[in-house]
Amino acid sequence: MLYQSTRCAGLTASPAEAVLQGLAPDGGLFVPSSLPRLTPAELEGLDPYALSARVLGALLPELDGMDELVRQAYEGRFSAPDLTPLRPVGDRWVLELWHGPTSAFKDVALCLLPRLMLRAKKQLGDDTLTHVLTATSGDTGKAALSGFQDVPGTKITVFYPEDGVSAMQKAQMVTQAGENVRVCGVRGNFDDAQSGVKAIFSAWAADPAQRQSGVKLSSANSINIGRLAPQVVYYYKAYLDLCRMGRIRMGEPVDFTVPTGNFGDILAGFLAGQMGLPVGRLVCASNENNVLTDFFQTGVYDRRRPFHKTLSPSMDILISSNLERLLWLMTRDEAKVAQWMRELAETGRYDVGEALRRALDARFAAGWADDEAALSTMGRLWRAHGYLADTHTAVAWAVSEQIAPQGKTERPMVVLSTASAYKFPQAALKALGLRPAETDFDALWALHDATGVPVPSGLAALQGLPVRHRDVIAPGEMADYVARQG
Numbered sequence: 089m090l091y092q093s094t095r096c097a098g099l100t101a102s103p104a105e106a107v108l109q110g111l112a113p114d115g116g117l118f119v120p121s122s123l124p125r126l127t128p129a130e131l132e133g134l135d136p137y138a139l140s141a142r143v144l145g146a147l148l149p150e151l152d153g154m155d156e157l158v159r160q161a162y163e164g165r166f167s168a169p170d171l172t173p174l175r176p177v178g179d180r181w182v183l184e185l186w187h188g189p190t191s192a193f194k195d196v197a198l199c200l201l202p203r204l205m206l207r208a209k210k211q212l213g214d215d216t217l218t219h220v221l222t223a224t225s226g227d228t229g230k231a232a233l234s235g236f237q238d239v240p241g242t243k244i245t246v247f248y249p250e251d252g253v254s255a256m257q258k259a260q261m262v263t264q265a266g267e268n269v270r271v272c273g274v275r276g277n278f279d280d281a282q283s284g285v286k287a288i289f290s291a292w293a294a295d296p297a298q299r300q301s302g303v304k305l306s307s308a309n310s311i312n313i314g315r316l317a318p319q320v321v322y323y324y325k326a327y328l329d330l331c332r333m334g335r336i337r338m339g340e341p342v343d344f345t346v347p348t349g350n351f352g353d354i355l356a357g358f359l360a361g362q363m364g365l366p367v368g369r370l371v372c373a374s375n376e377n378n379v380l381t382d383f384f385q386t387g388v389y390d391r392r393r394p395f396h397k398t399l400s401p402s403m404d405i406l407i408s409s410n411l412e413r414l415l416w417l418m419t420r421d422e423a424k425v426a427q428w429m430r431e432l433a434e435t436g437r438y439d440v441g442e443a444l445r446r447a448l449d450a451r452f453a454a455g456w457a458d459d460e461a462a463l464s465t466m467g468r469l470w471r472a473h474g475y476l477a478d479t480h481t482a483v484a485w486a487v488s489e490q491i492a493p494q495g496k497t498e499r500p501m502v503v504l505s506t507a508s509a510y511k512f513p514q515a516a517l518k519a520l521g522l523r524p525a526e527t528d529f530d531a532l533w534a535l536h537d538a539t540g541v542p543v544p545s546g547l548a549a550l551q552g553l554p555v556r557h558r559d560v561i562a563p564g565e566m567a568d569y570v571a572r573q574g
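One gets the numbering used here by counting positions in the sequence shown from 1 and adding 88 to each.
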């Protein structure tokens, strides 16, 4: 199996090389030249570990020992025995992806990615130092730091928008221990941080001295196929859970609503559908930064709009990198994709045309919900169902109701829950009609006292930890910051 760049068919890599490189040398994203076929009937009866190994083995076939890597990554690190439990809530289902060590869905991939990289390095005979550069809108940072902490042969630098993450998300990052980790705030938003990381990759690829320096760059963002592939697994698992519970028969379609910023999580669902999972409709849920909603409704991607800081900061993104992969998968036209990406960089917009917009409309729906709607939804879910949702999950739930109102779901609707409500405790208190707490840690315990829902141990343990990372720079200083680390 080969991976290729979305912008040039001639730039190819083996699965191991794609995982290590992260980003293609031309700035494109690696995509499988052909997707494997894997139906849910072939996976029936597998436990979560065997299921993960089977799906990942299909997507990354040259990386051997996948069963061992999966068990090393997950065993004993998730509070839920089945890793990503599916909960019935009202007339739909919530897929809880946040039972890992950092209480966010990124753990599913980032507990595994370091092991995939080490296995790839071993198989390729690569003994260079891998420097993992990562931009985060809140959750990726901590999950990546936790996953790569003191992993031999690697170091990691995480850039986050200084004022664009929740207090709890920031505390998770700036208290991170590890000899090989660095965390740095950026005076700007996530798009500034992500664009800076991509620019460093491009400059590095063009500099012969850097290529011979004994250090290679990679990424823990979903631009890396090794980050994206593990996310495909939980779509299969949710589907098989519904079959096991007798809610659907094998082969019947299921709809999924996904809170979306960088488009990686929902793209994983599209990949699952292309591989043979009976995915009905994928609902792309945005907050006020609704560039994706407008794209699916008009065919025009236009990032030239106000940037909003919201209560769902992991979705505060105007440049959704993984949409590039979807455009390639829908068109198989590298020249068109490269042209659209140039237009986005040069003018801030591109138009895919009516024919592609209609083709997308057959597979996707889209909507958005603002902070007020998210808070209202959180309150309703608690009062009606005793379910404590975070702000991102609430956005997805609200949008799922726009697409399929209560009592009118044609197919089972699975809403992806991407973070614990305890990562945003002040917002949760407000949604429940309770007084705000003085600090986020006070809010943790006030929320626990009010609901009885357990506080994730990883968040409770943050209180009192020393701040280890205080650097804050301008976006234009990111390349020099990385260069100074050697």
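Yeah, the Cβ is synthetic: ideal placement off N, Cα and C, and Gly gets one too.
What you are looking at is a predicted structure, and each value in this text was computed from that prediction instead of being measured.
So the alpha helix (DSSP H) residue i belongs to, where does it begin and stop?
i	result
Tyr475	Element bounds for Tyr475: n/a, residue is neither H nor E.
Tyr510	Here Tyr510 belongs to no alpha helix (DSSP H), and DSSP marks it neither H nor E.
Arg270	First-last for Arg270: Val269 to Val274, but that is the beta strand (DSSP E), not the alpha helix (DSSP H).
Ala317	Ile313 to Arg332
Pro202	Leu201 to Leu212
Val570	Met566 to Arg572
Asp114	From DSSP, Asp114 is part of no alpha helix (DSSP H); its letter is neither H nor E.
Asp227	Asp227 to Phe236
Ala356	Gly352 to Met363
Does the distance from the C-beta atom of residue i to that of residue j stay below 8 angstroms?
i	j	result
Leu365	Pro128	yes
Phe358	Cys372	no
Leu134	Val320	no
Gln282	Lys511	no
Lys286	Thr218	no
Val196	Pro120	no
Glu422	Arg95	yes
Gly368	Asp343	yes
Ala326	Leu200	no
Leu532	Thr263	no
Asn277	Asn350	no
Met403	Asn377	yes
Tyr91	Ile313	yes
Asp478	Asn375	no
Asp227	Lys194	yes
Leu330	Pro500	yes
Ser408	Val379	yes
Leu85	Trp456	Residue 85 is absent from the structure shown; the chain starts at 89 and stops at 574.
Arg270	Gln494	no
If residue i and residue j are in contact, beta carbons under 8 angstroms, what's the gap, nearest whole angstrom?
i	j	result
Gln362	Leu417	7 angstroms
Val253	Leu233	In fact, because the Cβ distance is near 13 angstroms, the residues do not count as touching under 8 angstroms.
Ser307	Leu111	6 angstroms
Met205	Pro149	Not confirmed; about 17 angstroms, so no contact.
Thr242	Pro202	7 angstroms
Ala519	Met566	The Cβ separation is near 35 angstroms, so there is no contact.
Leu117	Ile311	6 angstroms
Ser505	Thr345	The pair is not a contact, with the Cβ atoms about 10 angstroms apart (cut-off 8 angstroms).
Arg142	Leu157	That pair is no contact at about 13 angstroms.
Thr497	Asp179	6 angstroms
Ala462	Val483	5 angstroms
Leu86	Arg420	This structure cannot speak to residue 86, because the chain is shown only from 89 to 574.
Gly235	Leu198	4 angstroms
Asp279	Leu406	5 angstroms
Gly284	Pro563	5 angstroms
Ser259	Leu550	Here the sequence assigns Ala to residue 259, which means Ser is not the residue at that position. That pair is a contact at about 5 angstroms.
Trp181	Val503	7 angstroms
For residue i, which of helix, strand or coil comes out of DSSP?
i	result
Met256	helix
Leu126	coil
Glu280	The sequence shown places Asp at residue 280, not Glu. Asp280: helix per DSSP, three-state reduction.
Ile244	strand
Ala486	helix
Ala368	Just to set this straight, residue 368 is Gly in the shown sequence, not Ala. In this structure, Gly368 counts as strand in the three-state DSSP scheme.
His219	strand
Met501	strand
Thr100	strand
Pro120	strand
Ala373	strand
Pro44	Any answer about residue 44 is impossible in this case: the structure gives the chain only from 89 up to 574.
Pro296	helix
Between which two residues does the beta strand (DSSP E) carrying residue i extend?
i	result
Lys304	Val303 to Ser307
Pro347	Val342 to Pro347
Gln46	There is no way to answer for residue 46, as the model of the chain reaches only from 89 to 574.
Asp390	Val388 to Asp390
### Query
Which runs of the alpha helix (DSSP H) fall wholly inside the region 136 to 199 and span at least 4 residues, in chain order?
136 to 147, 154 to 162 and 194 to 198
### Task
Scan the region 418 to 461 and note each continuous alpha helix (DSSP H) run of 4 residues or more that stays entirely inside, going in chain order.
422 to 435 and 442 to 449
### Message
Please give me, in chain order, every unbroken run of the alpha helix (DSSP H) with length at least 4 that falls completely inside the region 537 to 564.
### Response
545 to 548
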